[in-house]
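Engineer: Following this message is one structure expressed as structure tokens.
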Amino acid sequence: MRFDVITIFPKMFASPFEQGLVAQAIKEGRISLNTWDPRESAKDVHKSVDDKPYGGGDGMVMLAEILKLTLDKINSETKNFSKKKVVYLSPQGQLLNQKKAIELAQDNEQIVLICGRYGGIDERFIQKYVDEEISVGDYVVTGGELPAMILIDAVSRFVPQTLGNELSPIMESFQDGLLEEPLYAKPRNFEGLEVPEVLVSGHHEKIKKFKDIQRIKRTFEKRPDLASKASFDKNNLKEAFKELDLRKNVALGLVHYPVYNKAGQVVATNVTNLDIHDIARACRTFGIDNYYVITPMEEQLAFVGRVLEHWQTGKGEQYNPVRKDALINTKAATSIEAAIENWGVKNTQLVATSAREVAGPKPINFESMRQLAIKEPIFLLFGTGYGLENAVVRRCDYILEPIRGRSPDGFRHLSVRSAVSIVLDRLFGGCY
Ligand SMILES: C[S@@+](CC[C@H](N)C(=O)[O-])C[C@H]1O[C@@H](n2cnc3c(N)ncnc32)[C@H](O)[C@@H]1O
């Protein structure tokens, strides 16, 4: 694998690749690293490689012509390389991840890396000569050199024989979409913390299973976003979930009082058969074991009771056992407080959902809520009618960000059933 780096600071590349495994691969000729200073192609006495941006604005722009001349030099020296890619390191690029690093290592013999400086590089150079823009994270650093070094290191690990132990890249974090298991070495007891017993048992099968389960657990705990994309061994997943006790920490309440009507009055809405069923099915699908239909109205409570009785123990049980199964965790409660009390979980974080922004509770986005739901018990409240009364929202610990959709005029009037399904999928989707 050959890397050609276009940079105005070529010396930066010396020290990071003088030591370590990549340095060894360079020494042994498996990797070649070359730097090209665009100043050498500059046309004026000051060796300028940048100029002011057209239209004004901060930061100078690296000149397309000079970059092109530098690229020409590289191309004329590497004519015999057929599988090559020109990459511009840019905060606007696709995020570098393990999959991308493997792809780059497997698909190319040569990678040309353009390191921007100042405000960036002329857009027309990107349009004409860059195959791919790659970012190392959603933050801005002062130049493309450090990102280029990260890319070189990550890609080089997949160049055959760069790593001493051929197995290690297969077992480590991200390889199968999961994080690596926790690691332990001497001593057996460090400041009161023991190495897990199974790891010193010598029982290879048990050790492997333990590690596999730890990897699943870790990923759900630390990076639930990755967990939603990974694939799992079903048995190991079950074991990991038992240990994590994941979805037991979530309850959901469908509030029929106090909510607003169209005129902005506080009312009690009617319970609907459709909401009972559809939300119960969504809860069952996403592993929410406690779904409360909340209304103080006696007739409405009686109606919920009749529906549940029909499907849980009545004729419906025989007619459609799957529906019985879906409604197994559905209960009625006379108030939000009664539902929380019935759930019986201490220190619950009460989370309001609303299509409106309501001041008071801490706003929380879906990603943070995913994280919170792993650590703390949460009780999610959904309002019927025109939404939860503000006083209820203000009593909550958090208000979840609204589902914004993408209608150009901001329309977001979802039915509560749709909203529940979307929220559950965003918070727990892909976890099974
Ligand atoms: C100060 S940055 C320019 C940022 C540019 N004005 C913008 O807002 O997109 C200068 C150079 O640093 C590099 N750079 C900065 N952040 C990066 C990141 N997260 N990933 C990859 N390259 C980055 C790029 O090569 C960029 O041209």
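Residue numbers (the working numbering): 2 to 433. All C-beta atoms in this analysis are idealised placements derived from N, C-alpha and C, irrespective of residue type, glycine included. What you are looking at is a predicted structure, and each value in this text was computed from that prediction instead of being measured.
1. Assuming contact is defined by CB atoms lying nearer than 8 angstroms, are Asp132 and Ala65 in contact in what I supplied?
2. For my contact list, Ala353 and Leu389 are in at a C-beta cut-off of 8 angstroms; report their separation, rounded to the angstrom.
3. Rounding to the nearest angstrom, what Cα-Cα distance links Pro197 and Lys207 in this structure?
4. Have a look at Ile103 and Val421 and give me their C-alpha separation to the nearest angstrom.
5. How many angstroms separate the CA atom of Ile32 from the CA atom of Ser91?
6. Relative to the C-alpha of Pro148, which candidate in Ser157, Ala155 and Val137 has its C-alpha closest?
7. Taking the continuous alpha helix (DSSP H) assigned at Lys187, which residues delimit it?
8. Go to Lys235, then tell me how far its alpha helix (DSSP H) extends in each direction, as first and last residue.
9. Closest by CA to Ala26, which one among Glu41, Phe242, Ser157 and Arg396?
10. So, is Arg371 buried or exposed, given that buried needs 16 or more other C-beta atoms within 10 angstroms?
11. For the stretch 373 to 424, which segments carrying the alpha helix (DSSP H) assignment without a break, of at least 4 residues, lie completely within its bounds, in sequence order?
12. Quick one: is Phe191 buried, meaning 16 or more other Cβ sit within 10 Å of its Cβ, or exposed?
13. In terms of DSSP beta bridges, what is Met63 paired with?
14. Compute the Euclidean distance between the alpha carbons of Lys53 and Trp37, then round it to the nearest angstrom.
15. Span of the alpha helix (DSSP H) holding Thr220?
16. Which of helix, strand or coil does DSSP assign to Phe304?
17. Roughly how many angstroms lie between the CA atoms of Lys129 and Arg407, to the nearest whole one?
18. Where do the N-terminal and C-terminal ends of the beta strand (DSSP E) with Ile146 fall, by residue?
Structural biologist: For this structure:
1. Going by C-beta atoms, Asp132 is not nearer than 8 angstroms to Ala65.
2. 6 angstroms
3. 12 angstroms
4. 38 angstroms
5. Rounded to the nearest whole angstrom, the C-alpha separation of Ile32 and Ser91 is 24 angstroms.
6. For Pro148, the nearest C-alpha among the options comes from Val137.
7. If you look at Lys187, you'll find it isn't in any alpha helix (DSSP H); DSSP assigns it neither H nor E.
8. Lys235 to Leu245
9. Ser157
10. buried
11. 391 to 396
12. Exposed, since its Cβ has fewer than 16 Cβ neighbours within 10 Å.
13. Asp51 and Ile122
14. Lys53 and Trp37 have their C-alpha atoms spaced approximately 23 angstroms apart.
15. Residues His205 to Lys223.
16. helix
17. Between Lys129 and Arg407, the C-alpha separation is close to 32 angstroms.
18. According to the sequence as given, residue 146 is Glu; it is not Ile. No beta strand (DSSP E) contains Glu146, which is instead part of the alpha helix (DSSP H) from Glu146 to Ser157.
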